[in-house]
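S.K.: Next up is a structure, given as structure tokens.
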Amino acid sequence: MAEVPAAPGVVIREVGPRDGLQNAKAVMASADKLAWIAAMAAAGLAEMEVASFVPPSAMPQMADAAEVTRAVRARHPGLRAVALAPNLRGAMNAAAAGAQAIVIPVSASEAHSRANVRRARDEQVAEVRRVVEWARDLGAGRPVIEAGISTAFGCSLQGAVPERDVVALARALAEAGADVVALADTLGYATPSHLRRLVRAVRAEIGPDRLGNLHLHDTLGTALANAMAGLEEGVRGFDGALGGLGGCPFAPGSVGNVATEDLVHLLEAEGVRTGIDLPRLIAAREVLRAGLPSEPLQGRVAAAGLPPTFRPAAGPVPDAKPAGPLAGIRVVEFSHMVMGPSCGMILADLGADVIKVEPGPRGDNTRRLTGAALGFFPTFNRNKRSLCLDLKRPEGAAAARRLVAGADVVLENFRPGAMEALGFGYAALSRLNPRLVYCSCKGFLPGPYEHRTALDEVVQMMGGLAYMTGPPGRPLRAGSSVNDIMGGMFGAIAILAALREREATGRGGLVQSGLFETNMVLMAQHMARAAIEGEDPEPFGDPAMRKPWPVYDVFAAAEPDEQVFVGVVGEGQWRAFCGAFGLDDLRDDPGLATMGQLAEARPRILPRVAQVFAGLPKAELMARLEALGVPFAPIAKPSDLFADPHLLASGGLLPVDLAGAEGAREPRAASAGLPALPVALASGRPGLRRQPPRVGEHGAEVLREAGLAEDEIRRLAETGILAGAA
Ligand SMILES: CC(C)(COP(=O)([O-])OP(=O)([O-])OC[C@H]1O[C@@H](n2cnc3c(N)ncnc32)[C@H](O)[C@@H]1OP(=O)([O-])[O-])[C@@H](O)C(=O)NCCC(=O)NCCSC(=O)C[C@@](C)(O)CC(=O)[O-]
Numbered sequence: 001m002a003e004v005p006a007a008p009g010v011v012i013r014e015v016g017p018r019d020g021l022q023n024a025k026a027v028m029a030s031a032d033k034l035a036w037i038a039a040m041a042a043a044g045l046a047e048m049e050v051a052s053f054v055p056p057s058a059m060p061q062m063a064d065a066a067e068v069t070r071a072v073r074a075r076h077p078g079l080r081a082v083a084l085a086p087n088l089r090g091a092m093n094a095a096a097a098g099a100q101a102i103v104i105p106v107s108a109s110e111a112h113s114r115a116n117v118r119r120a121r122d123e124q125v126a127e128v129r130r131v132v133e134w135a136r137d138l139g140a141g142r143p144v145i146e147a148g149i150s151t152a153f154g155c156s157l158q159g160a161v162p163e164r165d166v167v168a169l170a171r172a173l174a175e176a177g178a179d180v181v182a183l184a185d186t187l188g189y190a191t192p193s194h195l196r197r198l199v200r201a202v203r204a205e206i207g208p209d210r211l212g213n214l215h216l217h218d219t220l221g222t223a224l225a226n227a228m229a230g231l232e233e234g235v236r237g238f239d240g241a242l243g244g245l246g247g248c249p250f251a252p253g254s255v256g257n258v259a260t261e262d263l264v265h266l267l268e269a270e271g272v273r274t275g276i277d278l279p280r281l282i283a284a285r286e287v288l289r290a291g292l293p294s295e296p297l298q299g300r301v302a303a304a305g306l307p308p309t310f311r312p313a314a315g316p317v318p319d320a321k322p323a324g325p326l327a328g329i330r331v332v333e334f335s336h337m338v339m340g341p342s343c344g345m346i347l348a349d350l351g352a353d354v355i356k357v358e359p360g361p362r363g364d365n366t367r368r369l370t371g372a373a374l375g376f377f378p379t380f381n382r383n384k385r386s387l388c389l390d391l392k393r394p395e396g397a398a399a400a401r402r403l404v405a406g407a408d409v410v411l412e413n414f415r416p417g418a419m420e421a422l423g424f425g426y427a428a429l430s431r432l433n434p435r436l437v438y439c440s441c442k443g444f445l446p447g448p449y450e451h452r453t454a455l456d457e458v459v460q461m462m463g464g465l466a467y468m469t470g471p472p473g474r475p476l477r478a479g480s481s482v483n484d485i486m487g488g489m490f491g492a493i494a495i496l497a498a499l500r501e502r503e504a505t506g507r508g509g510l511v512q513s514g515l516f517e518t519n520m521v522l523m524a525q526h527m528a529r530a531a532i533e534g535e536d537p538e539p540f541g542d543p544a545m546r547k548p549w550p551v552y553d554v555f556a557a558a559e560p561d562e563q564v565f566v567g568v569v570g571e572g573q574w575r576a577f578c579g580a581f582g583l584d585d586l587r588d589d590p591g592l593a594t595m596g597q598l599a600e601a602r603p604r605i606l607p608r609v610a611q612v613f614a615g616l617p618k619a620e621l622m623a624r625l626e627a628l629g630v631p632f633a634p635i636a637k638p639s640d641l642f643a644d645p646h647l648l649a650s651g652g653l654l655p656v657d658l659a660g661a662e663g664a665r666e667p668r669a670a671s672a673g674l675p676a677l678p679v680a681l682a683s684g685r686p687g688l689r690r691q692p693p694r695v696g697e698h699g700a701e702v703l704r705e706a707g708l709a710e711d712e713i714r715r716l717a718e719t720g721i722l723a724g725a726a
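Position 577 of the sequence shown, counted from 1, bears residue number 577 in UniProt numbering, the numbering being contiguous throughout.
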């Protein structure tokens, strides 16, 4: 079985390159910082505070903040680069260097506020508001703005900090528009009960999703106990610094952060996944030591060595969220590729217990696909359990039938006839379990083509989508598995409808979803037009395609290689657009009064628009379009989306393990933020409860639940019928 890195249950943010270095006596060279950051990223740290954007005179250790941040963005696309900035100017510099999140410190203690940022607490709240307003104007691509409440648990200058002050400050910061508000124990005075009270109170005040990381210092040896208390309160983000570096130079008595390696050890040993390879993280201390030889490193685990009893966490990702509306529905999924797995993923994300049955010994072949299919497995198999069972051997088939006997749904997407040949067709399984809803995802629904196998590309070609996408005479498939994913989605809808029917009838039934028929949903609008006009529409890839709007195109911005799509699709929008971009003559032209006239006049309008846009930097152009309410978009590539502030701030990206992509030759990241289901339920966005399973990871537990005795399970494993479950 492939070695799989642990899956994150919490996200640890390494703050060593910022907080860790700001109190160091020596200045670490930029190249050494980058080598250290690379070593920590290689150990699986997915989020790092890489620099502080403060005047170099105040903190010479951070004079290279922009250079380091830029280099981190360029070298580590999967790493979330966070920066600290005390004010708007620092935030602007951080954003210009590519920081994806910016932490603005706000002290709960008035005395520390004046010492740290030379401003009163209320003035700093106003500064946060200014940063938020500036960031909003950036529109798409803006960094996430975090307010970090320092001295939240007491201050060496002021003494006690009343909890009500911290709660009121958190509210003020939320009202000022900070995306998240974090709590920092700058001096290390917190105790678990204090921390629990404050976490609860702040969360109650600003809402559960806006409470950010806990930032803990270890002055009195309480940091790990405090981290556990935070974890038990549902906090899922913690700061740490490798080697326990750090401390605030403007808070007398402040000593190091909790050592990241100690925090990882505790969490993993407690069964909480961090996604971090602890031995590699400990090894990264040597890279740190080489770059900063004069600084003593702390950390108990490194000093004592990893105990032989240590085992990294396994099992499900802990999740404070309830399982979802389909909790209690059990689905047995026989699938590969995209269509069946995406159907199962939708049900799993919504809370169903989805058990993916994979062929042995190496599991679903999709795990080993390469190239364009490299991401299939991790993308479509989260929140599922895996049972690796050879259905072609009678004992394996018998075990799977016992599982199916207690299931609500069976879902499959193999070649027509394959499930019947295994004895797992609808007729056989419905005899075994009359309440079973059985969903077949196939190339074609029943009819003359039903015996054919099919792929997305096949149905895009025969279904007109390739014609509609490419330039004339050059059919081009869409740049994603649109029919597979939508076909899976229609399968899930059919399953939900059948479950609803079952409530009334007590009986399940067969439902089917077809790739070709899915593609026809996409073609309907073009078929309608073809019927109305009596000829085939020209494809979208045809530069001469007749567009119904005056502006519906990609334009160049002032910078070379920067482009923005803009669509002006209403008469009111057109008037506002012309007014804002100095096209008053076009707006006032009586011959350009209707959308039809405007569409006809595109050859006259577009060069004028292109000329105006070519003089505007992309950020300014997008900010002006956003203010106008005109639809626009930057042109993103897949890797840009990991940093999209909207996706990041709205729970739109789930931290998914990529280990299931076994076809990867040199994986650059162990996990990545992959898109959540595109729906918001009353309970929030459906989240990640389980990482994509390892081959057969849950075999024994699933068979036990199906009623098999321990010796039956052992026999199946010994004979190789059950794989990966030992
Ligand atoms: C996709 C094809 C064409 C592949 O067709 P195929 O390669 O012939 O595979 P299959 O579906 O027949 O494979 C199933 C085999 O695995 C066996 N099997 C399965 N599970 C077990 C088990 N546990 N234990 C033992 N054996 C197992 C099963 O019994 C069968 O054995 P066989 O009959 O070959 O001896 C076909 O499956 C099909 O037409 N499916 C229906 C439509 C469909 O889902 N199409 C694929 C959609 S996703 C996709 O194609 C991605 C792509 C390429 O379109 C992406 C893109 O273009 O963007």
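Built from N, CA and C at the ideal position, the CB exists for glycine as well.
1. At what residues does the beta strand (DSSP E) containing SER107 begin and finish?
2. Rounded to the nearest angstrom, what separates ASN600 and ALA372 at their Cα positions?
3. Any heavy atom of ligand 1 closer than 7 angstroms to the Cβ of LEU658?
4. Considering Cα atoms alone, identify which of MET337, GLU127 and GLN22 is closest to THR453.
5. Hey, out of HIS646, GLU450, LEU432 and LEU369, whose CA is closest to ALA399's CA?
6. Assess contact between the stretch 600 to 614 and the stretch 572 to 586, defined as three or more Cβ pairs (one per stretch) separated by less than 8 angstroms. Is contact present?
7. Is the stretch 346 to 356 in contact with the stretch 611 to 631, if contact means three or more CB pairs nearer than 8 angstroms?
8. How many whole angstroms separate the CB atoms of VAL167 and LEU211, which I take to be in contact at a CB cut-off of 8 angstroms?
9. Using three-state DSSP, classify ASN257 as helix, strand or coil.
10. Can you determine whether any heavy atom of ligand 1 sits closer than 7 angstroms to the C-beta of ALA454, and answer yes or no?
11. Identify, in the order they occur along the chain, each residue of the same chain with its Cβ nearer than 7 angstroms to the Cβ of ALA323, setting aside the five sequence neighbours on each side.
12. Can you tell me which of the three DSSP states ALA399 falls into?
13. Starting from the N-terminal side, write out each stretch of the alpha helix (DSSP H) that is 4 residues or longer and does not extend beyond the stretch 291 to 376.
14. Taking the runs of the beta strand (DSSP E) that are 3 residues or longer, which of them lie wholly in the stretch 629 to 675?
15. To the nearest angstrom, how far is the alpha carbon of GLY363 from that of VAL695?
16. Going straight from the alpha carbon of LEU306 to that of VAL106, what length do you get?
17. In chain order, what residues of the same chain have a beta carbon less than 8 angstroms from the beta carbon of VAL404, not counting five sequence neighbours either side?
18. So what's MET468 in DSSP terms, helix, strand or just coil?
19. Could you tell me which residues DSSP puts in a beta bridge with MET48?
20. Tell me the rounded alpha-carbon separation between ALA327 and LEU499.
21. Measure the C-alpha to C-alpha separation of VAL82 and GLN100 and round it to an integer number of angstroms.
22. Check whether the stretch 384 to 401 touches the stretch 468 to 476, counting contact only when three or more Cβ pairs, one atom from each stretch, lie closer than 8 angstroms.
23. Assuming GLU127 contacts ALA178 (C-beta within less than 8 angstroms), just tell me the rounded distance between them.
24. Which term fits ASP47, buried or exposed, when burial requires 16 or more other beta carbons within 10 angstroms of its beta carbon?
25. Is it the case that the CB of GLU457 approaches a heavy atom of ligand 1 more closely than 7 angstroms?
26. Excluding the 5 residues preceding and the 5 following ARG280 in the sequence, name in chain order all residues of the same chain whose CB lies nearer than 7 angstroms to its CB.
27. Please tell me whether, using a cut-off of 7 angstroms, the distance from the CB of CYS343 to the nearest non-hydrogen atom of ligand 1 is below it.
28. Check whether the stretch 460 to 468 and the stretch 513 to 520 touch, using three or more Cβ-Cβ pairs below 8 angstroms as the test.
29. Using DSSP with H/G/I as helix, E/B as strand and the rest coil, what is TYR438?
30. Can you say whether GLU3 is buried or exposed, counting buried as having 16 or more other CB atoms within 10 angstroms of its CB?
31. Between GLY247 and VAL255, is the Cβ-Cβ spacing less than 8 angstroms?
32. Compute the minimum distance between the beta carbon of MET228 and the heavy atoms of ligand 1, and state whether it is under 7 angstroms.
33. With C-beta atoms as the reference, is residue 737 less than 8 angstroms away from ALA241?
34. To the nearest angstrom, how far is it from the Cα of ALA662 to the Cα of THR379?
35. Anyone know if the C-beta pair for VAL132 and ALA176 falls short of 8 angstroms?
M.R.: With the given structure in hand:
1. Segment 101 to 107, the beta strand (DSSP E) holding SER107.
2. As written in the sequence, residue 600 is Glu, which differs from the Asn given in the question. So the alpha carbons of these two residues sit roughly 40 angstroms apart.
3. Checking the Cβ of LEU658 against ligand 1 gives no.
4. Distance from the Cα of THR453 is smallest, within the candidate group MET337, GLU127 and GLN22, for MET337.
5. The residue with the shortest Cα to Cα distance from ALA399 is LEU432.
6. With the cut-off at 8 angstroms, the stretch 600 to 614 and the stretch 572 to 586 touch.
7. Too few Cβ pairs lie closer than 8 angstroms, so no.
8. Wrong, their Cβ atoms sit about 11 angstroms apart, outside the cutoff.
9. The three-state secondary structure of ASN257, taken from DSSP, is strand.
10. For ligand 1, at least one heavy atom lies less than 7 angstroms from the Cβ of ALA454.
11. The answer, listed in chain order, is GLY351 and ARG689.
12. DSSP places ALA399 in helix when its eight states are reduced to three.
13. As far as the stretch 291 to 376 is concerned, its whole alpha helix (DSSP H) runs of at least 4 residues are 300 to 304 and 339 to 349.
14. Fully contained in the stretch 629 to 675 are the following beta strand (DSSP E) runs of length 3 or more, in chain order: 632 to 634, 653 to 657 and 671 to 675.
15. The alpha-carbon atoms of GLY363 and VAL695 are separated by roughly 5 angstroms.
16. Their Cα atoms are separated by approximately 37 angstroms.
17. For VAL404, where only same-chain residues beyond five positions count, the Cβ hits under 8 angstroms are VAL332, VAL410, PHE424, LEU429, LEU432, ASN433 and LEU436.
18. Correct three-state label for MET468: helix.
19. Checking the DSSP bridge columns, you'll see MET48 partnered with GLU14 and ALA81.
20. Going from the Cα of ALA327 to the Cα of LEU499 covers about 13 angstroms.
21. Roughly 6 angstroms between the two C-alpha positions.
22. Taking a cut-off of 8 angstroms on C-beta distances, the stretch 384 to 401 does not touch the stretch 468 to 476, as fewer than three cross pairs fall below it.
23. Between ALA178 and GLU127 the Cβ distance is about 11 angstroms, and since that is not below 8 angstroms, they are no contact.
24. A quick correction: the sequence has Glu, not Asp, at residue 47. Around the beta carbon of GLU47, a 10 Å sphere encloses 16 or more other beta carbons of the protein chains shown; the residue is thus reported as buried.
25. Yes.
26. Its chain contains ALA42 and ALA43 as the residues whose beta carbon lies nearer than 7 angstroms to that of ARG280, once the 5 sequence neighbours on both sides are disregarded; these appear in chain order.
27. Exclusion of CYS343 from the 7 angstroms shell around ligand 1 follows from its C-beta lying no nearer than that to any non-hydrogen atom of the ligand.
28. A contact exists between the stretch 460 to 468 and the stretch 513 to 520.
29. Correct three-state label for TYR438: strand.
30. In this prediction, GLU3 scores a pLDDT of 34, lower than 50, which makes its location untrustworthy; the coordinate-derived value is nonetheless stated afterwards. Result: exposed.
31. Against a cut-off of 8 angstroms, the Cβ pair of VAL255 and GLY247 comes out as a contact.
32. Checking the Cβ of MET228 against ligand 1 gives no.
33. Nothing about residue 737 can be reported from this structure: the residues present for the chain run from 1 to 726 only.
34. Looking at the sequence itself, residue 662 is Glu, so the reference to Ala does not match. When rounded, the distance between both Cα atoms is 13 angstroms.
35. Yes. Within cutoff.
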